[in-house]
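All residue numbers for the sequence shown refer to the working numbering, where the first residue is 1 and numbers rise by one. Glycine is no exception: its CB is placed at the ideal position from the N, C-alpha and C atoms.
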Amino acid sequence: MSRELSVVSYNIHSGIGIDGRHSLQRVADVLERLDADVISLQEVQRELAEETGFEDQPAKLQSMLDHDGAYGPTVTLTEDDVEEVEEDLGVTDSSLAREFGNLILVDGTVKSVEYDTLTSPADGGQRGYITAVVECAGIELRIVNTHLGLSREIRERQLDELFKSLGTLERPTILAGDFNARPSWPAIDRLTERFVDAFAEDGNDRFTFPTPYVDRKPQEYYERTYTPHRRIDYVFCTSEVSVDSTEVYHSLASDHSPILARLSVPADR
């Protein structure tokens, strides 16, 4: 017996669209349209920057979508950090969380959460992962959300750490995120030794980054069209999970296109 489960992965770019406009509501609107049971988001801010209104994005998205959630910050700025980038942040306020990381949302219940950082270069952005055991669609499974680095060497080290953290895969597991690697690259080869690439299983090789402009209304920021040319966002699953269909959805809400995988997950093991 199995249950249908839909999973979205989306690098939301802090709610700043490819048109340069910030709107977390646009992100929420996209996610409502996709109507997924499980949502894996990367580049989510919590009270971090003036350009996003110092908003608590995990709390706002959880409320907007009426989902349970778990947030795993990979960066937490100290007051010294803030002073160094004060010209970007606009204010120094010790009451703000000033965090940046990954978010899992689920139309169900988050039962347990773990998160950690991954080895990252000092000048390349701190990466990390969050893993949650959730109950959703009448089943219990593990959701892992990550955002890997930009260089081959650092991705290899990050995968070593991620695999060690996962240990044995004792329950159905979904691994989703922005892997910054194309399907033919070594990181994806390593991942598909342990997991099924849902989009490859479905024969879907559509690109995910950068998202194209899809609205041709005559506004100033539509002066050029971005052509997506990289598939770097993925949904992976363990072998007992079946892939029913996949979809890439285009929107202006971020610089990435969200991806959707419809899966069948065994109810019992």
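Note on His-229: under 16 other CB atoms within 10 angstroms of its CB, so exposed under the neighbour-count rule. In this structure the segment 134-150 touches the segment 160-177; the number of beta carbon pairs closer than 8 Å is three or more.
Counting C-beta atoms within 10 angstroms of its own C-beta, Phe-195 has 16 or more neighbours from the protein chains shown and is therefore classed as buried. Inter-residue distance for Asp-116 and Leu-61 is about 22 Å (C-alpha atoms, whole angstroms).
Under the DSSP definition of a beta bridge, Arg-230 partners with Phe-209. Per DSSP, the continuous alpha helix (DSSP H) segment holding Val-30 begins and ends at 24-34. If you ignore the 5 residues before and after Glu-99, its C-beta comes within less than 6 Å of the C-beta of Arg-46, Pro-73 and Thr-76, all in its own chain and listed in chain order.
When the Cα atoms are used, Leu-31 and Ala-49 turn out to be separated by approximately 23 Å. When Cβ pairs closer than 8 Å are counted between the two stretches, the segment 180-193 is seen not to touch the segment 241-253, the count staying below three.
If you compare the alpha carbons of Gln-126, Leu-65 and Asp-202 with that of Arg-33, the shortest gap goes to Leu-65. In the assembly as shown, Phe-163 is an exposed residue. Its beta-carbon has fewer than 16 other beta-carbons within 10 Å.
The continuous stretches of alpha helix (DSSP H) do not include Pro-172, and DSSP gives it neither H nor E. Under the three-state reduction of DSSP output, Ala-137 falls in the coil class, being neither helix nor strand.
Between Gly-101 and the set His-67, Gln-126 and Asp-189, the nearest pair of CA atoms involves Gln-126. Per DSSP, the unbroken alpha helix (DSSP H) holding Thr-192 starts and ends at 186-192. Per the coordinates, the alpha-carbon of Glu-51 lies some 21 Å from the alpha-carbon of Ser-257. With contacts defined by Cβ atoms closer than 7 Å, Arg-3 and Ala-267 form a contacting pair.
The beta strand (DSSP E) runs lying completely inside the segment 99-151 and spanning 3 residues or more are 99-106, 108-118, 127-136 and 139-147, given in chain order. Rounded to whole angstroms, the separation of the alpha carbons of Val-27 and Leu-5 is 21 Å.
Under DSSP, Asp-197 takes part in a beta bridge, and its partners are Phe-236. Here the C-alpha atom of Thr-109 lies approximately 7 Å from the C-alpha atom of Cys-136. Non-local beta-carbon contacts of Lys-111 in its own chain, meaning distances under 7 Å to residues more than five positions away in sequence, involve Val-133, Val-134 and Glu-135 in chain order. About 19 Å separates the Cβ atoms of Ile-259 and Ser-14, ruling out a contact at the 8 Å cut-off. In terms of Cβ geometry, Val-7 and Ala-181 do not form a close pair [threshold 7 Å].
The beta-carbon distance between Leu-118 and Gln-158, rounded to whole angstroms, is 4 Å. This is short enough to meet the 8 Å contact definition. When DSSP states are grouped into helix, strand and coil, Gly-69 belongs to the strand group.
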